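>
Residue numbers (full-length UniProt numbering), protein chains in the order written: chain A, 1 to 243; chain B, 1 to 243.
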């Protein structure tokens, strides 16, 4: 997850502006609908250049009891949009005296992402549950385009697991099957993507609300990825068996 | 004709903060730099926002002074209007929304921390409006060295003495390893009942190895006497020139 926009990485000597640090991208967001709800999983790394600013970030931001938004891109931009969109959603909820559908919430996010597309570098996943349509997942990439998806991956780690997700999704998944797939996908992405890492955070959103889970690499439950073995032409000591 | 406008910055800085059982310790070095010149050796980087909320700043010195002045003013007005103590999260919200509005052009990187009726809190707020919550963290160019000490020695629920010593050691590591940090350090210990400010503390390695004004007199006998000649005078008149 970025903490600075692209155009701010350049120094402007005339203004005396020098970027504090050079900052690069990196996030893994995975989400998947199942029978009765939606599961989202993320890594927890926020980096500034090669430095990890935070290794236990929470990229899953609650909007209501039954809706979360997963943020990727500039941390400042996505935090701001989440705050403003949350405010708008709360106002609509009070005016209409009933919770907003996830679709309408995704359209509120879309308005900001589209209207400010030139000044923002933000992309989000809106995931939640409503009485009308059950568990839903909307992907909003950088320009403000909205699509409902059954499963999706976003962020720099997503490229490594797109195929895995395609191969795993099927109709009528149970909660536990879905959680296992999402967790494994985050594990695979984090294994290959240098800018993703830390812990795995899972959130399950269904009729009863949102429940968050945390998986640490030093505790049981963290997704296991078998490292590919070294080529036979390497001497035997290259193969390091983990202790 | 590209003359760079000189801008006094304290970009070179070490600021550290850590929470402990029931309180918070924050600290900063005291060196302000403009390029490779030490512009101020006794600069105050620990800013008071309210009686129990403080902010340590890295980045542009002028911006930090202005932003913290604005925050302390607004928070005091809030306390007077509501008759309640301001919360740390309020200070953070005001800071991030102000800094986000200016899209990173206000070069203020803050650690905002304090104790309010909801407990001790520590947040980091970056110039572009990113915020994060931490149990311990460091900012500024000396933060890399400081973080190593924090990562190695931090444990949850420390005593006040342990936390104070940890922050001081982290600051000293930053001041030792970073040329842009040094001179002396200031600490503030915030607890629900009292706030104690300590400093300036001058670590041993920041003291000059010898006194500033040296004795430039030569010892007797340093110069070989080649010849001597004595003139005899009669004292006709004398004058006191001792002062």
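Every residue, glycine too, gets a C-beta built ideally from N, C-alpha and C. Bear in mind that the values here come from a model prediction, so they are computed numbers and not experimental data.
Tell me which same chain residues have a C-beta within less than 7 angstroms of the C-beta of residue 141 of chain A, skipping the five on either side of it?
Position 141 of the first chain, counting from 1, holds the residue named residue 141 of chain A. These residues qualify, in order along the chain: 123.
> So is residue 70 of chain B buried or exposed if we call it buried at 16+ other beta carbons inside 10 Å?
If you number the second chain from 1, residue 70 of chain B lands on position 70. The residue in question, residue 70 of chain B, is exposed, as its Cβ has fewer than 16 Cβ neighbours within 10 Å.
> On the premise that residue 199 of chain A lies in contact with residue 44 of chain A, defined as a C-beta separation below 8 angstroms, what is that separation, rounded to the nearest angstrom?
Here residue 44 of chain A refers to the residue found at position 44 of the first chain. Here residue 199 of chain A refers to the residue found at position 199 of the first chain. So it is a contact: roughly 5 angstroms between Cβ atoms.
> Go ahead and pull the three-state DSSP assignment for residue 94 of chain A.
The residue given as residue 94 of chain A occupies position 94 in the first chain. Three-state result, residue 94 of chain A: helix.
> For residue 160 of chain B, which of B:209, B:20 and B:15 has the nearest alpha-carbon?
Reading the second chain from its first residue, position 160 is the one you call residue 160 of chain B. If we check each option's Cα against that of residue 160 of chain B, B:20 comes out closest.
> Let me confirm a value: residue 242 of chain B is counted as buried when at least 16 other C-beta atoms fall within 10 Å, else exposed. Which label applies?
Residue numbering aside, residue 242 of chain B sits at position 242 when the second chain is read from its first letter. Looking at its Cβ environment, which holds fewer than 16 other Cβ atoms inside 10 Å, residue 242 of chain B is exposed.
> Is residue 79 of chain A buried or exposed, if buried means 16 or more other CB atoms sit within 10 Å of its CB?
Within the first chain, numbered from 1, the residue matching residue 79 of chain A stands at position 79. With 16 or more Cβ atoms within 10 Å of its Cβ, residue 79 of chain A is classed as buried.
> Anything in chain B within Cβ reach of residue 136 of chain A, meaning under 8 angstroms, just list it in chain order.
Taking the first chain and counting its residues from 1, the one referred to as residue 136 of chain A is at position 136. Per Cβ cutoff of 8 angstroms: no residues; residue 136 of chain A is ~28 angstroms from chain B at best.
> What residues from chain B crowd round residue 57 of chain A, counting only those whose CB sits closer than 8 angstroms?
Here residue 57 of chain A refers to the residue found at position 57 of the first chain. Going along chain B in sequence order, the residues near residue 57 of chain A (Cβ under 8 angstroms) are 132.
> Looking at C-alpha atoms only, which residue of A:144, A:112 and A:127 is the closest neighbour of residue 137 of chain A?
Taking the first residue of the first chain as 1, we reach residue 137 of chain A at position 137. Closest in C-alpha terms to residue 137 of chain A, from the list A:144, A:112 and A:127, comes A:127.
> Let's test the definition: count the other Cβ atoms within 10 Å of the Cβ of residue 130 of chain A and tell me whether it reaches 16, buried, or not, exposed.
To locate residue 130 of chain A, count along the first chain from 1; it is residue 130. Residue burial annotation: residue 130 of chain A is buried, with at least 16 other C-beta atoms found within 10 angstroms of its C-beta.
> Establish whether the CB of residue 54 of chain A and some CB of chain B are separated by less than 8 angstroms.
Here residue 54 of chain A corresponds to residue number 54 of the first chain, with the count starting at 1. With its beta carbon less than 8 angstroms from one in chain B, residue 54 of chain A belongs to the interface.
> Pop quiz: residue 202 of chain A and residue 41 of chain A are said to be a contact at Cβ under 8 angstroms. What is the actual Cβ separation, rounded to whole angstroms?
Position 202 of the first chain, counted from the first residue, corresponds to residue 202 of chain A. Position 41 of the first chain, counted from the first residue, corresponds to residue 41 of chain A. Contact between residue 202 of chain A and residue 41 of chain A holds: their C-beta atoms lie close to 5 angstroms from each other, under 8 angstroms.
> Considering just the uninterrupted stretch of the alpha helix (DSSP H) at residue 101 of chain B, what are its terminal residues?
Position 101 of the second chain, counted from the start, is the residue given in the question as residue 101 of chain B. Where residue 101 of chain B is concerned, the enclosing alpha helix (DSSP H) stretches over 88 to 101.
> Closer than 8 angstroms, Cβ to any Cβ of chain B: which residues of the stretch 84 to 108 of chain A, in chain order?
So the list is empty, because no residue satisfies the distance condition.
> Which residues, in chain order, does the stretch 35 to 49 of chain B contribute to contact with chain A at a C-beta distance below 8 angstroms?
none
> Out of A:90, A:218, A:110 and A:175, which one is the CA nearest neighbour of residue 146 of chain A?
Here the question's residue 146 of chain A lines up with position 146 in the first chain. The shortest C-alpha separation from residue 146 of chain A is found at A:110.
> What three-state label does DSSP hand residue 71 of chain A in the structure shown?
Walking along the first chain from the start, residue 71 of chain A turns up at place 71. Residue state, collapsed to three classes: strand.
> Check whether the stretch 124 to 134 of chain B and the stretch 20 to 29 of chain B are in contact - that is, three or more C-beta pairs closer than 8 angstroms.
no
> Helix or strand or just coil, what does DSSP make of residue 19 of chain B?
Within the second chain, numbered from 1, the residue matching residue 19 of chain B stands at position 19. Three-state DSSP puts residue 19 of chain B in a strand.
> Just checking: is the beta-carbon of residue 154 of chain B within a distance shorter than 8 angstroms of some beta-carbon in chain A?
Translated into positions along the second chain, residue 154 of chain B becomes position 154. For residue 154 of chain B, the answer is no, since every Cβ of chain A falls outside 8 angstroms of its Cβ.
> Applying a beta-carbon distance threshold of less than 7 angstroms, which residues of chain A neighbour residue 100 of chain B?
By one-based count along the second chain, residue 100 of chain B stands at place 100. Neighbours of residue 100 of chain B on chain A, chain order: 76 and 80.
> Quick one: grab the DSSP three-state call for residue 237 of chain A.
As a working note, residue 237 of chain A is residue 237 in the first chain. It is helical.
> Classify residue 142 of chain A as helix, strand or coil using the three-state DSSP reduction.
Here residue 142 of chain A corresponds to residue number 142 of the first chain, with the count starting at 1. Look at residue 142 of chain A here: in three-state DSSP terms it is coil, with no helix or strand label.
> Compare the C-beta of residue 27 of chain B against all C-beta atoms of chain A and say whether one is closer than 8 angstroms.
Position 27 of the second chain, counted from the first residue, corresponds to residue 27 of chain B. For residue 27 of chain B, the answer is no, since every Cβ of chain A falls outside 8 angstroms of its Cβ.
> For residue 167 of chain B, which residues from the same chain have a beta carbon less than 6 angstroms from its beta carbon, with the 5 sequence-adjacent residues on both sides left out?
Here residue 167 of chain B refers to the residue found at position 167 when the second chain is read from its first residue. Correct list, in chain order: 16, 18, 25 and 27.
> Going by Cα to Cα distance, which pick from B:41, B:186 and B:104 is closest to residue 59 of chain B?
Here residue 59 of chain B refers to the residue found at position 59 when the second chain is read from its first residue. Comparing Cα-Cα distances from residue 59 of chain B to each of B:41, B:186 and B:104, the minimum goes to B:104.
> Mind pulling the beta strand (DSSP E) runs of 3 or more residues that sit fully within the stretch 16 to 83 of chain B?
23 to 29, 32 to 34, 37 to 40, 46 to 50 and 53 to 59
> For the structure I just gave you, are there three or more beta carbon pairs, one from the stretch 76 to 86 of chain B and one from the stretch 139 to 155 of chain B, closer than 8 angstroms?
no
> What's the C-alpha gap between residue 143 of chain A and residue 189 of chain B?
Position 143 of the first chain, counted from the start, is the residue given in the question as residue 143 of chain A. Position 189 of the second chain, counted from the start, is the residue given in the question as residue 189 of chain B. Using only the alpha carbons, I get a separation of about 46 angstroms.
> Indicate whether at least one CB of chain A lies closer than 8 angstroms to the CB of residue 126 of chain B.
For this step, residue 126 of chain B is matched to residue 126 along the second chain. Judged by the 8 angstroms Cβ criterion, residue 126 of chain B is in contact with chain A.
> Nearest to residue 161 of chain A by CA position, among A:172, A:148 and A:183, is which residue?
Counting from 1 along the first chain, the entry for residue 161 of chain A is found at position 161. Ranking the options by Cα distance to residue 161 of chain A, first place goes to A:183.
> Take residue 107 of chain B and list the residues in its own chain whose beta-carbon comes closer than 6 angstroms to its own, dropping the five residues that flank it on each side.
Here residue 107 of chain B is taken as the residue at index 107 of the second chain, counted from 1. Excluding positions up to five away in sequence, the list reads 59, 60, 63 and 127.
> Buried or exposed for residue 194 of chain B, going by 16 or more other Cβ atoms inside 10 Å?
Taking the second chain and counting its residues from 1, the one referred to as residue 194 of chain B is at position 194. Exposed: under 16 other Cβ atoms inside 10 Å.
> Between which two residues does the beta strand (DSSP E) carrying residue 42 of chain A extend?
Start at 1 with the first residue of the first chain, and residue 42 of chain A comes out as number 42. Residues 37 to 42.
> Are there any heavy atoms of the ligand SAM lying less than 7 angstroms away from the beta-carbon of residue 110 of chain A, as far as the coordinates show?
This structure lacks the ligand SAM; in fact it carries no ligand of any kind.
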